[in-house]
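Protein chains: 4
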Amino acid sequence: MLKAAIVGATGYTGEELVRILIGHPQVKITSLSAKIDKPLPISELCPDFKGKVDLVCKGFDLDEVAGDSELVFLAVPHGVAVKLAPSLLEKGKIVIDLSADFRLKDVSLYPKHYGFSHEAPKLLGEAVYGLPEIYRQDLKKANLIANPGCFPTSVILGILPLAKKNLLDKSSPIFVDAKTGLTGAGREAVLDFLASEAEENVRAYKVTRHQHQVEMEQILAEAGGGAVCQLVFVPHLIPIQRGILSTIYLQLQNEKEEKEIWQIFKNFYRDEPFVQVLELEHFPETKSVRMGNFCQIGLRRRGKVVVVIAAIDNLVKGAAGQAVQNMNIRFGFPEDMGLGVNSKFKHQNAK
Amino acid sequence: MLKAAIVGATGYTGEELVRILIGHPQVKITSLSAKIDKPLPISELCPDFKGKVDLVCKGFDLDEVAGDSELVFLAVPHGVAVKLAPSLLEKGKIVIDLSADFRLKDVSLYPKHYGFSHEAPKLLGEAVYGLPEIYRQDLKKANLIANPGCFPTSVILGILPLAKKNLLDKSSPIFVDAKTGLTGAGREAVLDFLASEAEENVRAYKVTRHQHQVEMEQILAEAGGGAVCQLVFVPHLIPIQRGILSTIYLQLQNEKEEKEIWQIFKNFYRDEPFVQVLELEHFPETKSVRMGNFCQIGLRRRGKVVVVIAAIDNLVKGAAGQAVQNMNIRFGFPEDMGLGVNSKFKHQNAK
Amino acid sequence: MLKAAIVGATGYTGEELVRILIGHPQVKITSLSAKIDKPLPISELCPDFKGKVDLVCKGFDLDEVAGDSELVFLAVPHGVAVKLAPSLLEKGKIVIDLSADFRLKDVSLYPKHYGFSHEAPKLLGEAVYGLPEIYRQDLKKANLIANPGCFPTSVILGILPLAKKNLLDKSSPIFVDAKTGLTGAGREAVLDFLASEAEENVRAYKVTRHQHQVEMEQILAEAGGGAVCQLVFVPHLIPIQRGILSTIYLQLQNEKEEKEIWQIFKNFYRDEPFVQVLELEHFPETKSVRMGNFCQIGLRRRGKVVVVIAAIDNLVKGAAGQAVQNMNIRFGFPEDMGLGVNSKFKHQNAK
Amino acid sequence: MLKAAIVGATGYTGEELVRILIGHPQVKITSLSAKIDKPLPISELCPDFKGKVDLVCKGFDLDEVAGDSELVFLAVPHGVAVKLAPSLLEKGKIVIDLSADFRLKDVSLYPKHYGFSHEAPKLLGEAVYGLPEIYRQDLKKANLIANPGCFPTSVILGILPLAKKNLLDKSSPIFVDAKTGLTGAGREAVLDFLASEAEENVRAYKVTRHQHQVEMEQILAEAGGGAVCQLVFVPHLIPIQRGILSTIYLQLQNEKEEKEIWQIFKNFYRDEPFVQVLELEHFPETKSVRMGNFCQIGLRRRGKVVVVIAAIDNLVKGAAGQAVQNMNIRFGFPEDMGLGVNSKFKHQNAK
């Protein structure tokens with residue numbers, strides 16, 4: 004049994020990690036910690052765990068977290084992980100960081116987009132970006148995994164097959180109109196996210212200025228073999244609890260048949276356990292991926308324009324599920340272990 | 004034109020007062036104030052006022068609020084009104100207080116239920132409880148009006164006809180199961196009321212211990228001619244924005260025909276402009292009273308038991324609308340003026 | 004592996020059965036059927052099954068359903084199960100019926116409460132009511148299990164310990180104010196349940212006339228050793244998707260300490276895997292039982308009055324989960340198998 | 004008093020018309036009709052009208068509708084208005100049609116986009132498109148007004164200033180990502196729009212194939228002086244009741260300062276009573292226009308790209324409110340009469 008610690012267990016992402024890992028046949032949770040004053044059963048902090056999870060969450064203590072764990076998940080705010088990771092790595096722990104602190108390669112972007120000076124720039128070079136669909140081989144031996152942001156996961160997966168094939172018209176911007184549910188804002192008392200404010204309302208925020216945009220641009224440039232299109236990214240807040248739907252407006256260099264474009268996606272993700280390319284005329288909805296680790300993708304063509312729609316659960320494939328997928332890769336477990344696609348199903352499929 | 008000031012204009016109740024008064028043909032708003040650092044157009048604080056309300060909200064200043072206003076609405080938290088009202092009354096202003104600070108007659112209840120020692124106990128004797136269906140005559144000459152709580156408004160109106168007629172079995176408790184929307188919790192950043200916490204959830208709170216219970220008991224005892232039944236009051240939080248539905252379980256001394264009970268309600272409220280007794284077999288829903296000043300009541304009998312269901316909009320009949328109704332009574336305007344039942348309608352009705 | 008068929012797989016209850024059984028280590032689903040025109044992958048009808056469940060749903064055919072299955076779940080509308088069960092039982096199948104068709108003992112109640120004349124009255128005597136907390140021993144050898152209604156499950160569990168101990172004041176009615184989410188209305192196109200009608204709204208329905216009331220009364224009378232109190236049951240529709248919160252207002256013959264009442268509940272459910280009695284001062288919320296098979300119960304006393312609040316997920320403990328719990332009992336599997344409380348957790352608990 | 008009839012009074016749009024007109028000082032509703040079996044008080048069909056509107060809704064009868072009305076609003080499904088309008092016009096009535104039946108100039112588009120052959124092609128030439136911001140002068144003398152679609156209203160207003168000035172890069176498509184609430188789907192029992200299906204979900208529909216796209220293209224081409232850009236329109240369904248937020252991605256021929264673009268919008272709509280151009284750095288939300296007739300517009304520039312976000316209430320500026328605005332123009336009333344911007348406010352503004 005792999006011994007794992009979770010730091011930041013009381014946020015939405017941390018809670019989701021607990022939910023998934025408790026059902027993982029090869030993991031034992033050895034430590035739960037969070038910014039709390041005194042130890043409390045996690046089932047008191049997250050009452051749906053009552054009767055399912057009987058672990059105690061404590062205030063953070065480096066030695067205790069490191070303790071006998073082999074793996075530490077950091078589900079902490081941006082700017083905190085960068086302070087914790089170096090010591091954990093020095094102690095020989097594998098770290099999967101769900102914050103943004105090790106996602107960007109260019110250290111100068113941190114002050115601008117995250118408001119802090121990065122204290123461990125060397126680790127930016129060592130960290131592997133935890134999107135298995137691109138970096139699976141590197142992840143197998145990574146000691147520090149930078150788990151992707153929720154928006155980037157859906158957007159990169161929706162653009163990647165065309166970027167890799169160099170089919171995009173680079174003179175045209177890619178417009179990404181994303182819709183996210185309210186857990187994306189985190190478990191913090193903020194007026195704007197009160198139910199009495201956020202329900203019965205839709206609004207854009209950080210229009211073209213969201214910090215995830217540089218993350219997408221970096222990965223797409225790297226994965227797509229250099230320069231890609233300009234991204235114009237506009238996230239919207241939607242009154243649902245979980246889910247991201249990213250509607251992506253692309254332009255190709257040359258017009259292609261819709262079927263042909265679809266086939267490119269289909270082939271590209273053929274062996275991916277968690278990317279589902281829907282049949283033509285079908286588009287994903289957030290409820291179809293709710294509580295699951297899948298990214299569903301649908302597309303339509305109109306002239307040179309391709310509209311790609313990608314849906315994920317922001318807390319699963321957009322955070323905790325993908326972190327577990329990365330853990331599985333890193334420790335040599337079946338990639339879908341503990342992620343809701345059990346062997347019985349695979350067997351029934353095989354019939 | 005009556006000159007009115009609103010203190011606490013940026014809470015949900017204050018905002019609703021502005022919404023209603025701006026359309027009132029006999030009122031001019033002379034001052035909006037709130038706990039803010041610098042003056043701001045109210046339309047910036049409440050963006051749906053843009054293009055409709057062009058007033059500036061300032062930090063509270065007694066002289067400025069008193070200024071040339073004749074009437075001051077206090078839409079401030081409990082414990083604050085008690086500090087403001089005395090000075091305003093001394094300056095000769097009429098005060099309509101939407102907090103609980105002048106609702107209870109027994110000063111000893113404040114520390115227990117509201118957590119503060121009442122500094123103006125004499126005013127408790129002078130304040131008139133602003134439920135027109137009981138105290139209309141007193142309200143006509145009141146200088147300090149204690150506007151009722153949202154739950155008490157719906158519950159008292161649902162019990163009153165039977166209490167007045169002395170039909171209740173006083174040995175049986177009255178059970179009140181109330182459901183309220185999320186604006187009832189106020190515009191304050193509290194974790195439990197985040198959309199990501201409160202949506203897709205129903206829960207009871209302050210079970211049998213809500214501070215509104217003593218308010219109901221006091222008024223029902225007074226109005227019902229002395230002792231009434233014990234109340235067992237359990238409020239529930241429901242993921243809607245506006246509305247209260249109170250389901251009241253009563254027992255009569257003697258069994259009566261359903262039709263007869265209904266007739267008692269119908270007669271009792273015959274001349275009330277804002278209480279609607281629905282036909283038998285019909286029950287109110289919160290959406291039927293949304294944004295209106297009506298209390299709708301439906302009932303069913305089963306043996307000696309009567310189930311009464313009362314619905315109001317918590318921000319209108321449960322707060323700002325009733326405050327304006329009280330203002331109309333106090334200043335001799337038609338009681339329904341500015342409350343959505345315009346003269347044209349009455350004329351069309353009269354046809 | 005137990006071979007199980009599900010009839011009515013496309014309703015909310017049927018879909019939930021599939022969701023649970025697909026993860027059950029001892030069950031193989033051999034047939035999915037529903038009222039559909041042509042066979043379709045269940046993942047097309049319920050798109051969140053895509054990548055998880057690769058079964059085909061067909062139109063109902065008795066021989067095919069019976070086929071090589073040992074167990075048949077009927078998740079069909081009231082009045083349909085009564086037509087299917089006799090043939091299936093004759094063919095030697097075990098039947099777990101999630102409709103109301105075999106819950107009532109008195110055949111004369113069917114025309115009145117369900118609108119049909121019961122064609123298999125003899126089976127009413129043979130059917131065992133599938134509430135393990137009462138009928139566990141009988142369920143072990145039952146061939147026809149009448150899975151309880153969603154409301155009755157929460158209400159009976161909230162009253163049972165006091166009824167069994169004969170502590171209730173039988174001269175006082177028990178008032179049950181229940182709140183249910185919208186999946187309770189089933190997957191049928193009905194105007195009143197449109198999001199544009201049912202959101203931002205709360206309403207009572209079938210006030211004191213809901214068909215589940217006789218079911219509760221029957222079971223409580225039987226379990227409580229004869230006559231019990233009159234029930235006054237008022238269900239309310241709440242804009243959530245899943246969940247029932249039943250607030251129960253009881254009166255005791257003799258006043259007792261709150262702690263003592265709590266201890267009675269605690270003892271009564273000590274060995275129950277799926278009933279959780281919360282600590283005093285704690286009350287359940289629907290989100291705490293969402294997607295789980297637990298019934299959470301909290302209580303408060305005031306004089307002779309006891310307020311009991313019980314929460315379940317209407318589709319799990321209120322339907323499909325309880326059906327699987329019954330299946331586990333009937334076929335000798337661990338009672339919590341496949342219901343989210345895995346052995347690893349129990350082991351971690353045991354540490 | 005202008006005598007007005009409403010056909011289709013029980014749909015969401017018809018109900019909203021009643022709500023607005025009942026408060027209009029110059030209108031008397033002389034007839035309400037709908038597809039119903041027997042006459043019913045409108046307050047029974049729409050229970051929030053109880054106590055406010057005392058009119059009876061009848062089954063449609065041409066003579067009765069025409070009766071003594073001067074103006075008829077058609078709030079009927081597409082394909083029905085085309086059958087009713089000719090007779091009403093012959094009888095000398097002014098007709099404001101809220102369906103799509105007279106919006107398109109090219110009669111051949113009807114079979115393709117609306118599924119019927121148009122029987123009154125001549126009227127397509129006579130009808131005036133009811134967007135006052137473009138066609139105010141023509142509306143003053145129009146006998147048949149084709150009230151715009153909800154999406155087109157928000158989208159055309161968001162693009163118009165740049166199209167008119169010929170600033171758009173015509174070689175680049177305009178991408179429109181629209182989000183609409185659930186009343187947009189109409190008051191019809193459809194499975195997909197059940198609360199239990201549509202809540203906690205976001206999805207695109209009619210991707211690039213929505214019938215409103217040709218309407219936008221026609222008007223923009225006409226208003227923008229001929230050819231405009233290709234539109235790529237993707238509507239999304241969002242779990243709110245009212246509101247449309249259209250996020251529009253445009254490209255300019257030549258880069259301009261953000262401030263300069265904003266000034267173009269500001270100047271263009273300077274005298275418009277119902278279009279509000281927000282300050283830079285501000286963007287609209289649907290709740291800011293809820294229940295009002297305003298279209299709020301915000302924008303941001305990034306290189307040659309301009310992101311314009313436009314919000315309306317789909318039932319008001321997107322339907323009934325705009326219809327009343329058109330009525331005001333046609334009959335010479337102040338354009339904002341009865342639309343929530345009363346003279347007192349204007350006076351208070353003027354101070």
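Residue numbers (my numbering), protein chains in the order written: chain A, 4 to 354; chain B, 4 to 354; chain C, 4 to 354; chain D, 4 to 354.
Built from N, CA and C at the ideal position, the CB exists for glycine as well.
The structure displayed is predicted, hence computed values, not measured ones.
In this chain, the alpha helix (DSSP H) harbouring I45 of chain B covers 45-48. With respect to L126 of chain B, A88 of chain B sits close: the two C-beta atoms are nearer than 8 Å. The alpha-carbon separation between V68 of chain D and A326 of chain D amounts to approximately 18 Å. For A37 of chain C, no Cβ of chain D is located within less than 8 Å of the residue's own Cβ.
Between the C-alpha atoms of I222 of chain D and V158 of chain D there is a straight-line separation of about 11 Å. Around K262 of chain A, the same chain offers no residue with a beta carbon nearer than 6 Å, after the five sequence neighbours per side are excluded.
For V193 of chain A, the chain B residues whose Cβ falls inside 7 Å of its Cβ are A192, in order along the chain. Under the three-state reduction of DSSP, K262 of chain C is assigned to helix. As the crow flies, the alpha-carbon of K38 of chain C is around 11 Å from that of A78 of chain C. DSSP, read as helix, strand or coil, puts D100 of chain C in strand. Against chain D, a Cβ distance below 7 Å from P242 of chain C picks out A198.
Close to S291 of chain D, with beta-carbon spacing below 8 Å, are these residues of chain B in chain order: P50, D51, K53. Taking a C-beta distance under 8 Å as the contact criterion, T250 of chain A and V310 of chain D do not qualify as a contact pair.
Judged by DSSP in its simplified three-state form, F334 of chain B adopts helix. When the alpha-carbon of M4 of chain B is set against those of B:E19, B:E18, B:V30, B:G14, the nearest one is in B:V30. With a threshold of 16 other beta carbon atoms within 10 Å, G152 of chain A meets it and is buried.
Listed in chain order, the non-local C-beta contacts of I177 of chain A below 6 Å within the same chain comprise C232, L234, L253, local neighbours out to five positions each way being set aside. The alpha carbon of Y208 of chain D has as its nearest neighbour, out of D:I9, D:H239, D:R139, the alpha carbon of D:H239. The closest CA to that of H121 of chain A, considering only A:D109, A:V131, A:Y132, is found on A:D109. Around H239 of chain C, the beta-carbon contacts reaching into chain B at under 8 Å are K182, L248, T250.
The beta carbons of A314 of chain A and V292 of chain A sit closer together than 8 Å. Here L35 of chain A is buried. Its C-beta has 16 or more other C-beta atoms within 10 Å. Between A201 of chain A and chain B, the shortest Cβ-Cβ separation is below 8 Å.
Counting only runs of 3+ residues, the beta strand (DSSP E) found wholly inside the stretch 275-302 of chain C occupies 278-280, in chain order. Exclusion of the five residues before and after S111 of chain D leaves no residue of its chain whose Cβ lies closer than 6 Å to its Cβ. If the five residues before and after K96 of chain D are omitted, its C-beta is found closer than 7 Å to the C-beta atoms of A69, S72, E73, L74, V75, all from its own chain and listed in chain order.
In the DSSP assignment, G62 of chain C falls within the unbroken beta strand (DSSP E) covering 59-62. The three-state reading of DSSP puts K115 of chain C in helix, counting H, G and I together. Here the C-alpha atom of N257 of chain C lies approximately 20 Å from the C-alpha atom of L283 of chain C.
If you draw a straight line from the Cα of G118 of chain D to the Cα of T13 of chain D, it comes to about 24 Å. The residue among B:D40, B:C60, B:K41 with its C-alpha nearest the C-alpha of V21 of chain B is B:C60.
In the DSSP annotation of this structure, the continuous segment of the beta strand (DSSP E) that includes S249 of chain D starts and ends at 247-254.
Distances from the CA of R304 of chain C to each of C:H285, C:P44, C:M294 were compared; the closest alpha carbon is that of C:H285. Residue environment for K53 of chain C: buried (at least 16 other C-beta atoms within 10 angstroms of its C-beta). The DSSP-derived three-state label of P135 of chain B is helix. In the DSSP assignment, K31 of chain C falls within the unbroken beta strand (DSSP E) covering 30-37.
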